[in-house]
Amino acid sequence: MNRSAKIVLVAAGVVIATYPGVAWLTGVAVQRRIENGQQALLQQVPYLQLVKQRYDRGVYTSTDVVTYRLVWPSPPAAHAPCNASSPCTVTFHNLIEHGPLPGLRTAAMATIDSTVVLPPKDRRAIAKVLGEKPFLRVHTRIGWLGGIAATVQSPAFTTGPRFSWKGFAATVTSRGRHSWSLKASLPGVSSGDPAGGQARLTDVALSGHWRRAFGVLDIGAFTLTADRIQATARHTGPALMMRHLSVSDTSSLSGGFLDLDVRLSADAFRLGTPARPVTVTHVVYALGVDHIDAAAMVALTKAIRTAEAGATADPAQYQANLMAAVFRCGPQVLLHQPVIRIRQVGFSLPQGSVRLSGKISVPGLSAADLRGPAVLPALKSHAQVTADVRVDRSLLTFWSGHNRQAATRSQALERMGYLSPAGTALVSHLVYTAGKLTVNGHPYPPVRPN
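Here it is in structure tokens:
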């Protein structure tokens with residue numbers, strides 16, 4: 043046997059001899075990392091409570107069975123399944139394989155295969171349609187440098203002609219605790235009843251990426267799209283349909299200030315009975331808030347989380363703590379002159395379209411202005427609002443045709459200059475400052491002659 047072969051054999055022997063110890067030490071580090079992540083999660087989500095946990099660590103593998111309770115204390119959820127008097131619980135069974143070669147399949151600190159353990163009653167119901175397949179399965183890979191990659195899967199199933207679930211898949215990646223991304227898809231879900239009522243959701247996609255700033259602010263972008271949302275009460279009853287729905291949320295941080303943008307759009311929105319449907323197209327709602335002081339926002343976020351964590355079982359106390367936190371820290375956000383921008387709000391009917399844009403700011407506020415009864419007068423005197431409204435003349439004529447008083451009123455507004463012609467539309471430019479409103483440069487309400 044030559045020297046190279048001997049060296050390889052000796053190295054292989056060393057690896058084999060030391061591998062159990064390395065795997066056990068890795069298991070210790072993995073357990074500590076899981077516990078730290080769990081503590082961070084419970085701090086971030088006050089409505090999530092740890093009920094019980096059993097962690098059994100082995101040399102190459104460990105098991106972690108953990109049960110959480112979800113409690114929503116606010117009054118809007120008083121009759122929901124997960125409220126203070128009737129909390130929901132969910133149990134996860136985690137099989138953890140330690141590195142450096144978990145399961146001899148990959149190089150990583152660890153891999154975790156997680157399944158949701160349902161209550162016995164629900165488990166029996168799911169078993170009728172899924173058999174031995176778990177309703178939800180998660181596979182997580184923990185990298186040596188702090189990165190995490192997790193895949194979430196739920197299988198497709200059908201329960202007779204009334205309910206169909208086409209599965210769910212998601213991927214979550216993280217480069218440490220301070221940045222992560224998400225991508226998910228839901229091909230479709232539908233349900234119905236014998237009376238003709240039905241609901242359907244198809245081709246839902248979700249994606250986003252974020253980074254943590256100042257320990258509490260999540261900065262990034264999020265997009266949710268759905269090809270169709272449809273609901274019908276009965277064969278001849280009211281119906282709702284949305285086509286090509288898109289919801290996005292974007293935030294950025296620069297120079298200590300935060301900018302937020304929210305946009306909702308839909309190609310078509312239909313509401314009404316089959317005999318008398320109302321169809322609205324080109325629906326857009328785009329709103330932004332610029333120049334939000336990040337330090338003030340951090341203080342407000344922390345105060346709200348503290349209020350939530352201190353009243354998880356009492357809705358009245360929750361509301362009181364929440365309002366106290368907002369009134370204590372919220373004024374600091376206003377003092378740094380944020381600007382609300384109505385980038386675009388509009389829709390179209392067969393008879394025409396409506397568009398609105400504008401800006402709202404409250405410059406020059408002082409701390410004294412935001413104390414006690416002085417708040418409303420101060421906001422009124424400091425507020426600066428501009429808005430531009432555009433209405434197609436054909437749509438205004440259609441609306442006025444159903445209301446003679448409205449027709450007379452719109453004609454009077456046009457004669458006084460509050461509505462100005464712009465091609466096939468009528469427009470108005472509104473300005474509110476120092477407590478006074480003007481429309482197209484004219485004071486409103488109109489100044490009566492002496």
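Here the sequence shown stands for residues 43 to 492, where the numbers follow the numbering used here. From the three backbone atoms N, C-alpha and C, an ideal C-beta is built for every residue, glycine too.
Taking the C-alpha atoms as reference points, what is the distance between residue i and residue j?
i: M151; j: G250; result: 26 Å
i: A275; j: A255; result: 45 Å
i: R179; j: L248; result: 19 Å
i: W441; j: Q447; result: 11 Å
i: V473; j: Y486; result: 10 Å
i: V113; j: A358; result: 14 Å
i: A120; j: G372; result: Annotation note: pLDDT 48 at A120 (below 50); position unreliable, coordinate value reported separately. A120 and G372: Cα-Cα distance of roughly 27 Å.
i: K163; j: S232; result: 23 Å
i: V322; j: T103; result: 57 Å
i: V396; j: S470; result: 12 Å
i: W186; j: H324; result: 48 Å
i: F264; j: R383; result: 19 Å
i: D528; j: F177; result: No answer is possible for residue 528: the residues shown for the chain start at 43 and end at 492.
i: K94; j: L83; result: 15 Å
i: E494; j: T450; result: Past the edges of the chain, shown from 43 to 492, lies residue 494, and the structure says nothing about it.
i: S206; j: A167; result: 15 Å
i: P203; j: K170; result: 15 Å
i: L282; j: F199; result: 25 Å
i: A317; j: L391; result: 17 Å
i: K422; j: L295; result: 29 Å
i: W252; j: Q80; result: 19 Å
i: L143; j: R165; result: 34 Å
Less than 8 Å separating the beta-carbons of residue i and residue j?
i: T244; j: D269; result: yes
i: D301; j: G330; result: yes
i: N78; j: T105; result: no
i: V375; j: D335; result: yes
i: H484; j: G459; result: yes
i: V381; j: K401; result: yes
i: S91; j: R111; result: In the sequence on display, residue 91 carries Gln and not Ser. Closer than 8 Å, so yes.
i: R370; j: A337; result: no
i: P197; j: L160; result: no
i: G218; j: G188; result: yes
i: H424; j: L412; result: no
i: G394; j: V326; result: no
Suppose the cutoff is 6 Å on Cβ atoms and the five residues either side in sequence are ignored; what does the same chain contact list for residue i look like?
i: H181; result: D155, T193
i: R183; result: A150, T153, A191
i: W66; result: V101
i: G141; result: T68, A150, M151, A152
i: A328; result: R305, R385, Q386
i: S288; result: T267, S307
i: A367; result: A345, I346, A349
i: M284; result: I271, A308, F311
i: V454; result: Just to set this straight, residue 454 is Ala in the shown sequence, not Val. Same-chain partners within the cutoff: there are none.
i: V108; result: Q95, F134
Excluding five sequence neighbours on each side, which residues of the same chain lie with their C-beta closer than 7 Å to the C-beta of residue i?
i: L438; result: S452, L468
i: P229; result: K208, G209, D245
Assuming the contact rule is C-beta atoms closer than 8 Å, residue i and residue j should be a hit. Round their C-beta distance to whole Å, please.
i: H286; j: D309; result: 4 Å
i: T215; j: W222; result: 7 Å
i: Q272; j: A241; result: 7 Å
Please return the same chain residues whose Cβ sits closer than 8 Å to the Cβ of residue i, not counting the five positions on each side in sequence.
i: P488; result: M458
i: G257; result: V340
i: K48; result: Confidence is the limiting factor: at K48 the pLDDT is only 48, short of 50, which leaves the residue's position unreliable and the question unanswerable from this model.
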